[in-house]
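Order-wise, the sequence lines are chains G and L.
When we follow the numbering used here, the leftmost residue of the first sequence carries the number 128, and every step to the right adds one.
When we follow the numbering used here, the leftmost residue of the second sequence carries the number 3, and every step to the right adds one.
Even glycine gets a Cβ: it sits at the ideal position worked out from N, Cα and C.
Note that this is a predicted model, so its numbers are computed, not measured.
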Amino acid sequence: MRDTERLAKTIRAHALKMVAAAKASHIGSCLSCADILAVLYGEILSFNPTCPDDADRDIFIMSKGHAAAILYAVLAESGFFPLSWLETYCCNGSVLSGHVSKHGVPGVELSTGSLGHGLSVGCGFAIAANADKKPSKTFVLLSDGECDEGSNWEAILCAPQFKLNNLIAIIDYNKIQSFGFVKDIINLEPFADKWRSFGWNVYEVDGHDHNALKSVFRISAVDNVKPSVVIAHTTKGQGVSYMENELLWHYRNPNEGQLKQAIAELDKVQ
Amino acid sequence: MRTAFIESLIECARSNRYIWLLTADLGFSVLERFRDEFPGRFINIGIAEQNMIGIAAGLALSGKTVFVYSIANFPTFRCLEQIRNDVCFHNLNVIVVAVGSGVGYGSSGYTHHGIEDLALMRALPNMSVVAPGDSTETTLVTQLLTLSKGPVYLRLGKSGEPELDKSLSTINMGDILQFIRGSEISILTTGGVLDIAKSVVQECNTIGIFPSGYSVPFLKPMNETKLYEILTQSKLVITIEEHKEGGLGTIISEFITTNRIACELIKFRLPEFVIHEVGSQNYLRDKYGLNAANILQSIKTFSLKQ
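The following block contains the structure:
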């Protein structure tokens with residue numbers, strides 16, 4: 128198994144254990160973006176875990192802040208803080224809250240949780256990097272349901288205007304939002320056309336295919352003028368058979384037996 | 003006030019390359035000079051306040067000191083959650099500037115009345131709340147804010163406010179500025195109604211009453227030692243503000259209660275109900291008793307009881 132795939136498997140296992148121990152929600156949302164995070168932190172992003180504020184680092188913003196467990200897992204695996212912290216997820220007195228918190232958590236760039244904030248802040252990072260002639264790129268991961276929030280569309284309008292060629296939005300398009308299927312609630316389609324018409328480079332990719340993700344992140348990060356969006360088609364709950372494409376696992380946490388089965392399924396993947 | 007603000011900001015930006023200015027497409031005939039002198043540090047975000055605050059947060063997280071500019075309620079109410087989560091939660095150097103607060107845009111109607119902003123902004127963590135009383139205070143406050151840390155709400159009038167105290171040369175966070183020393187009646191005022199307070203003092207003096215007068219540009223933080231001293235030396239305290247409950251009068255009322263201070267408090271402020279009348283700033287001030295004559299009457303009544 129290649130490194131990023133091993134990393135994806137590891138952080139999936141962490142997130143499952145964290146959510147099970149904390150009896151927390153959003154495991155489906157964590158699993159759908161695990162491969163995206165593994166590829167970014169394993170091979171794409173430039174960062175230095177011993178100096179999280181390194182001036183030339185790439186910026187990653189988890190705008191879908193409810194997928195906190197998987198972000199904390201990948202940060203710990205990347206060396207930003209000890210793996211033992213993950214056991215405190217959502218516990219009394221912990222810094223690892225159920226939605227992404229920057230406070231006291233090295234490697235987190237922005238506290239999120241209310242949807243529709245990350246892309247604007249990402250525009251700010253990208254504007255600053257361009258003004259300061261820094262090489263750093265800004266990646267912002269949004270959920271599909273999050274795109275219902277109007278504030279995103281303010282940012283989507285503005286990024287091409289300011290030629291934010293160093294900004295890459297990623298959509299974890301797992302097709303399920305809080306109350307059901309995206310197409311039945313607020314249909315985003317034709318989604319790629321919407322971004323394209325707003326002036327973005329649009330890439331569609333299988334969000335679980337590491338080779339495809341790697342090449343698309345490399346291409347999307349070198350455009351001269353336009354911002355880029357990577358629409359990653361994913362499966363909610365990816366990697367655990369009984370969670371895949373099941374709305375229930377937006378909320379439910381696995382019991383002991385279910386956790387055992389989930390980990391066993393992950394272990395089977397070579 | 004807005005001219006004093008922009009001139010001061012331009013002056014500071016010449017020596018401080020971290021200062022940025024963002025607007026949500028407002029500031030015609032005010033912001034052009036900054037734009038022309040510092041094109042790389044000026045952005046018109048368009049009519050999109052939520053995005054403006056988010057971008058300001060991203061810039062501030064990248065080390066910039068970001069002023070965001072709009073009028074009345076637009077840079078506060080429209081984007082309140084961005085201010086709360088992106089700016090205050092992260093304790094960033096973002097200064098939200100609202101011009102024409104109070105009923106500065108009185109004839110524009112209720113949508114343009116910035117009359118609950120102080121209450122809203124002072125509830126936010128890390129947020130300083132500043133409302134200078136004239137252009138001199140505005141200049142000094144702007145200089146101060148370019149160097150301060152953490153978020154600030156800067157509430158300004160529109161234009162045409164008289165310059166009342168040219169002698170003021172320094173200002174510190176939390177200062178309560180005494181403009182006249184008097185007896186056991188204290189007048190505390192915040193923002194552009196400072197001129198009303200000064201008129202009240204003048205008229206009082208003609209009838210042999212000598213109040214103390216203070217401009218309170220810093221609602222949060224406020225020098226509480228100084229405030230305690232003022233209130234404990236007063237029998238009557240008058241607050242004047244172009245705002246509803248939740249602003250200066252409420253702050254003083256809370257302070258009096260918490261510290262068990264024995265003084266009478268009369269709050270001159272705008273009414274709690276929706277103002278449907280259309281009219282100029284002075285028309286609306288008069289209509290709701292925010293004028294020297296009305297305040298003078300209360301002081302006279304109090305004096306007669308003594």
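Measure the alpha-carbon distance for Asp-311(G) versus Gly-108(L) and round it to whole angstroms. Numbered from its first residue, the first sequence carries residue 311(G) at position 184. Numbered from its first residue, the second sequence carries residue 108(L) at position 106. Rounded to whole angstroms, Asp-311(G) to Gly-108(L) spans 45 Å at the Cα level.
Is it right to say Cys-206(L) is buried, meaning 16 or more other beta carbons lie within 10 angstroms of its own, or is it exposed? For the purposes of this step, residue 206(L) is identified with residue 204 of the second sequence, where counting begins at 1. That one is buried.
Output, in sequence order along the chain, the residues in the region 237 to 259 of chain G whose CB is closer than 9 Å to any CB in chain L. Leu-237, Ser-238, Thr-239, Gly-240, Ser-241, Gly-243, His-244, Gly-245, Leu-246, Ser-247, Val-248, Gly-249, Cys-250, Gly-251, Phe-252, Ala-253, Ile-254, Ala-255, Ala-256, Ala-258, Asp-259
Could you compute how far the alpha carbon of Lys-264(G) sits from the alpha carbon of Gly-249(G)? Translated into positions along the first sequence, residue 264(G) becomes position 137. Translated into positions along the first sequence, residue 249(G) becomes position 122. Taking the straight line joining both Cα atoms gives about 10 Å.
Could you have a look at Arg-184(G) and say whether DSSP puts it in helix, strand or coil? Here residue 184(G) refers to the residue found at position 57 of the first sequence. Here Arg-184(G) sits in coil by DSSP.
Kindly indicate the opening and closing residues of the alpha helix (DSSP H) around Gln-204(L). Position 202 of the second sequence, counting from 1, holds the residue named residue 204(L). For Gln-204(L), the enclosing alpha helix (DSSP H) stretches over residues 196 to 208.
Member of Phe-270(L), Ala-294(L), Gly-152(L) whose CA lies at the smallest distance from the CA of Ala-59(L): For the purposes of this step, residue 59(L) is taken as the residue at position 57 of the second sequence. Selected option, being the one with the closest Cα: Gly-152(L).
Sort out for me which residues DSSP pairs Glu-266(L) with in a bridge. What you label residue 266(L) is simply residue 264 of the second sequence in a count that begins at 1. DSSP lists Leu-238(L) as the beta-bridge partner residues of Glu-266(L).
Within 10 Å of its beta-carbon, does Gly-65(L) have 16 or more other beta-carbons around it, so buried, or fewer, so exposed? On the second sequence, position 63 is the one that residue 65(L) refers to. Flag for Gly-65(L) reads exposed.
Starting from the N-terminal side, write out each stretch of the alpha helix (DSSP H) that is 4 residues or longer and does not extend beyond the region 294 to 357 of chain G. Within the region 294 to 357 of chain G, the alpha helix (DSSP H) runs of at least 4 residues that lie entirely inside it are, in chain order, 309 to 312, 318 to 324, 337 to 347.
Looking at C-alpha atoms only, which residue of Leu-164(G), His-153(G), Leu-158(G) is the closest neighbour of Thr-131(G)? Position 4 of the first sequence, counting from 1, holds the residue named residue 131(G). When Leu-164(G), His-153(G), Leu-158(G) are compared, the shortest CA-CA separation from Thr-131(G) is found for Leu-164(G).
Is DSSP giving Thr-148(L) helix, strand or coil here? One-based indexing of the second sequence puts residue 148(L) at position 146. Collapsing the DSSP output to three states places Thr-148(L) in coil.
Anything in chain L within Cβ reach of Lys-229(G), meaning under 7 Å, just list it in chain order. Here residue 229(G) is taken as the residue at index 102 of the first sequence, counted from 1. Ordered by position in chain L, the residues that pass the 7 Å Cβ test against Lys-229(G) are His-92.
Bounding residues of the beta strand (DSSP E) (the contiguous stretch that carries Val-99(L)): Within the second sequence, residue 99(L) is the residue found at index 97, counting from 1. Start and end: 96 to 101.
For Pro-134(L), the nearest candidate out of Thr-227(L), Gly-111(L), Leu-61(L), Glu-163(L) (CA to CA): Here residue 134(L) corresponds to residue number 132 of the second sequence, with the count starting at 1. Ranking the options by Cα distance to Pro-134(L), first place goes to Glu-163(L).
According to the Cβ coordinates, are Lys-237(L) and Cys-265(L) closer than 7 Å? To locate residue 237(L), count along the second sequence from 1; it is residue 235. To locate residue 265(L), count along the second sequence from 1; it is residue 263. Yes, the Cβ-Cβ distance between Lys-237(L) and Cys-265(L) is below 7 Å.
With a threshold of 7 Å on Cβ separation, who are the neighbours of Arg-124(L) within its own chain once the five nearest residues in sequence on each side are excluded? The residue you call residue 124(L) lines up with position 122 of the second sequence. Val-131, Leu-221, Lys-222.
Counted within 10 angstroms of its Cβ, other Cβ atoms place Ser-31(L) as buried (16 or more) or exposed: Taking the first residue of the second sequence as 1, we reach residue 31(L) at position 29. Ser-31(L) is exposed by the Cβ-count criterion.
Looking at Thr-144(L) and Leu-11(L), is the spacing between their C-beta atoms short of 7 Å? The residue labelled residue 11(L) in the question sits at position 9 within the second sequence. The residue labelled residue 144(L) in the question sits at position 142 within the second sequence. Cβ atoms of Leu-11(L) and Thr-144(L): closer than 7 Å.
So is Gly-277(G) buried or exposed if we call it buried at 16+ other beta carbons inside 10 Å? The sequence position of residue 277(G) within the first sequence is 150, counting from 1. By the 10 Å Cβ count, Gly-277(G) comes out exposed.
Residues of the region 164 to 178 of chain G whose Cβ lies closer than 7 Å to any Cβ of chain L, in chain order: none
Min CB distance Ser-278(G) to chain L below 7 Å: Reading the first sequence from its first residue, position 151 is the one you call residue 278(G). Ser-278(G) counts as touching chain L.
Identify the contact partners of Ala-149(G) in chain L, using a Cβ-Cβ distance below 9 Å as the criterion. If you number the first sequence from 1, residue 149(G) lands on position 22. Here the premise fails: no neighbours, minimum Cβ distance about 22 Å.
With distances taken Cα to Cα, identify the nearest neighbour of Leu-158(G) among Ser-224(G), Cys-178(G), His-193(G), Ser-205(G). Within the first sequence, residue 158(G) is the residue found at index 31, counting from 1. Nearest option by C-alpha distance: His-193(G).
How would you list, in chain order, the residues of chain G whose beta-carbon sits under 7 Å from the beta-carbon of Ser-72(L)? Start at 1 with the first residue of the second sequence, and residue 72(L) comes out as number 70. The premise fails here: Ser-72(L) is roughly 14 Å from chain G at the closest Cβ pair, so nothing lies under 7 Å.
Is it the case that the region 171 to 179 of chain L contacts the region 108 to 119 of chain L, given that we only count it when at least three CB pairs across the two stretches are under 8 Å? no
Name the chain L residues that come within less than 7 Å of Ala-194(G), Cβ to Cβ? As a first step, residue 194(G) is located in the first sequence; it is residue number 67 there, counting from the start. Near Ala-194(G) there are no residues of chain L at all, since even the closest Cβ is about 17 Å away, more than 7 Å.
Any chain G beta carbon closer than 7 Å to Asn-75(L): As a position in the second sequence, residue 75(L) is number 73, starting the count at 1. No, Asn-75(L) lies away from the interface with chain G (no Cβ there is under 7 Å from its Cβ).
Answer yes or no: does any C-beta atom of chain L fall closer than 7 Å to that of Cys-274(G)? By one-based count along the first sequence, residue 274(G) stands at place 147. Put simply, the CB of Cys-274(G) is far from chain L, with every gap to its CB atoms at 7 Å or more.
I'd like the list of long-range same chain contacts for Phe-270(L), defined as Cβ closer than 7 Å, with 5 residues on each side in sequence excluded. On the second sequence, position 268 is the one that residue 270(L) refers to. Only Ile-240, Thr-241, Ile-242, Gly-291, Leu-292, Ile-297 meet the Cβ criterion.
When burial is assigned at 16 or more other CB atoms within 10 Å of the CB, is Ile-313(G) buried or exposed? As a first step, residue 313(G) is located in the first sequence; it is residue number 186 there, counting from the start. It is exposed - the Cβ of Ile-313(G) has fewer than 16 other Cβ atoms within 10 Å.
For Phe-76(L), I'd like the list of residues in its chain whose CB is within less than 7 Å of its CB, leaving aside the five on either flank, ordered along the chain. To locate residue 76(L), count along the second sequence from 1; it is residue 74. Cβ within range, chain order: Ala-26, Glu-51.
Please name the residue, chosen from His-141(G), Gln-397(G), Ser-156(G), that lies closest to Gly-334(G) on a Cα-to-Cα basis. Numbered from 1 along the first sequence, position 207 holds the residue referred to as residue 334(G). Per the Cα distances, Ser-156(G).
Going by CA-CA distance only, name the one from Val-276(L), Ile-254(L), Ser-188(L), Asn-95(L) that's closest to Val-203(L). Working through the second sequence from its first residue, we reach residue 203(L) at position 201. Ranking the options by Cα distance to Val-203(L), first place goes to Ser-188(L).
Within 7 Å of any Cβ in chain L, is that where the Cβ of Ala-296(G) sits? Within the first sequence, residue 296(G) is the residue found at index 169, counting from 1. No - not a single Cβ of chain L is within 7 Å of the one on Ala-296(G).
Spell out whether any CB of chain L is found under 7 Å from the CB atom of Ala-282(G). Taking the first sequence and counting its residues from 1, one reaches residue 282(G) at position 155. Cβ-Cβ to chain L under 7 Å: yes for Ala-282(G).
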